[in-house]
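Engineer:
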Amino acid sequence: MKLILVSATDQAARNISARLLEFYDFESSTSRSNIYLGKKVQMMIVDGESTKIESLPVQAEEVIVASRHASETGKPSLTVHVPGEPGKGQLALANPSTVKTALRSLRESREEMGLDYEVSLEATHHGPTGLAVPVTFVEIGSGPEQWADRRAGEAAAHAIMKAVSPEVKCLNAVGLGGPHYAPRHTEITLETDVGVGHILPKYVSFDEGLVELAVRRTCGGAQLLVLDWKGLSEEQRKVAQRVAERLGIRAQRSREIIERKKL
Numbered sequence: 013m014k015l016i017l018v019s020a021t022d023q024a025a026r027n028i029s030a031r032l033l034e035f036y037d038f039e040s041s042t043s044r045s046n047i048y049l050g051k052k053v054q055m056m057i058v059d060g061e062s063t064k065i066e067s068l069p070v071q072a073e074e075v076i077v078a079s080r081h082a083s084e085t086g087k088p089s090l091t092v093h094v095p096g097e098p099g100k101g102q103l104a105l106a107n108p109s110t111v112k113t114a115l116r117s118l119r120e121s122r123e124e125m126g127l128d129y130e131v132s133l134e135a136t137h138h139g140p141t142g143l144a145v146p147v148t149f150v151e152i153g154s155g156p157e158q159w160a161d162r163r164a165g166e167a168a169a170h171a172i173m174k175a176v177s178p179e180v181k182c183l184n185a186v187g188l189g190g191p192h193y194a195p196r197h198t199e200i201t202l203e204t205d206v207g208v209g210h211i212l213p214k215y216v217s218f219d220e221g222l223v224e225l226a227v228r229r230t231c232g233g234a235q236l237l238v239l240d241w242k243g244l245s246e247e248q249r250k251v252a253q254r255v256a257e258r259l260g261i262r263a264q265r266s267r268e269i270i271e272r273k274k275l
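Just so we're aligned: the sequence shown equals residues 13 to 275 in the numbering used here.
(1) Please report the straight-line C-alpha distance between Ile-16 and Ala-104, rounded to a whole angstrom.
(2) Could you check the C-alpha separation between Gly-126 and Val-111 for me, to the nearest Å?
(3) Would you call Pro-88 buried or exposed, if buried means 16 or more other Cβ atoms sit within 10 Å of its Cβ?
(4) Out of Gly-60, Thr-204, Gly-50, Leu-68, which has the shortest C-alpha to C-alpha gap to Leu-115?
(5) Taking Ser-154 as the reference, give the member of Pro-191, Ala-164, Val-145, Val-75 with the closest Cα.
(6) Among residues of its own chain, excluding the 5 on either side of Glu-61, which ones have a beta-carbon nearer than 7 Å to its beta-carbon?
(7) For Gln-264, count the other beta carbons within 10 Å of its own beta carbon; 16 or more makes it buried, fewer makes it exposed. Which is it?
(8) Between which two residues does the beta strand (DSSP E) harbouring Ile-261 extend?
(9) For the beta strand (DSSP E) that Val-147 lies in, which residues bound it at each end?
(10) Are the segment 79–88 and the segment 198–217 in contact at 8 Å, needing three or more beta carbon pairs?
(11) Would you mind stating whether Leu-222 and Gly-142 have Cβ atoms separated by less than 8 Å?
(12) Suppose the cutoff is 8 Å on Cβ atoms and the five residues either side in sequence are ignored; what does the same chain contact list for Leu-133 look like?
(13) Among the residues of its own chain, which have a CB less than 7 Å from the CB of Ala-72, if the five just before and after it don't count?
(14) Going by DSSP, which residues form a beta bridge with Glu-74?
(15) So, at 7 Å on beta carbons, what are the nonlocal neighbours of Leu-244 in its own chain, with the 5 sequence-adjacent residues on each side left out?
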């Protein structure tokens with residue numbers, strides 16, 4: 013069973029959980045007051061920050077975290093990402109199919125509901141990194157006005173529930189290069205059969221060990237490295253190519269993947 017994790021200290025998470033209870037069939041657990049049971053999924057409300065969870069108090073095969081996204085720009089956004097702390101060499105398990113399903117659902121809701129929000133992936137950042145199951149964050153950003161927006165909460169709730177039972181199959185990939193909001197990797201995940209899990213942006217000084225770790229910390233392993241070519245230094249490109257050769261996987265420029273889809 014999959015687990016939706018909600019921090020009671022997180023305004024956006026509370027908003028999303030309220031919409032989950034409003035639009036989907038959840039029942040209160042008879043044994044624990046902070047757990048709600050649904051079909052193939054349970055939702056747990058925790059007191060602490062979801063980014064600092066070190067272990068799960070219940071069994072789960074995968075975790076989807078409802079969360080806020082904070083940015084100084086305050087730009088309305090709906091984002092998806094996998095957690096990890098690249099600077100410490102610690103990455104959570106990534107499930108690109110979950111990421112892809114949630115991202116596509118957010119875009120669909122934005123268009124159907126007329127939401128003035130940007131939809132994107134984010135680069136891998138923050139915890140938790142030590143859980144034994146895949147973790148995906150679905151977030152509302154970027155400030156208190158958006159965190160409390162019921163319609164944004166509804167969009168995030170629908171994305172989470174679709175991601176609980178993803179129907180889409182994809183070619184698992186690690187994204188390399190580009191800025192934090194990863195426009196190239198976002199486009200590829202939305203428009204092609206590739207699903208990007210971990211993203212190591214240009215500002216992360218990644219080496220071969222970290223790239224290989226990202227490949228291995230992908231469910232089933234990653235078969236592809238997606239390179240935002242202009243968003244990589246020359247040395248980062250060489251690192252990616254060496255890892256791909258050693259592991260026997262492909263390294264391909266993002267532009268080539270997008271152009272192949274348009275043919």
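Glycine included, C-beta positions come from ideal geometry on N, C-alpha and C.
Structural biologist: Straight from the coordinates:
(1) 16 Å
(2) 22 Å
(3) buried
(4) Thr-204
(5) Ala-164
(6) Ser-19, Thr-21
(7) buried
(8) Run containing Ile-261: none; DSSP gives neither H nor E here.
(9) 147–154
(10) no
(11) no
(12) Thr-91, Val-92, His-93, Val-111, Leu-115, Gly-187, Tyr-193, Ala-194, His-197, Thr-198, Thr-201, Val-208, Ile-211
(13) Met-13, Lys-14, Leu-15, Val-145
(14) Lys-14
(15) Leu-188, Gly-189, Lys-214
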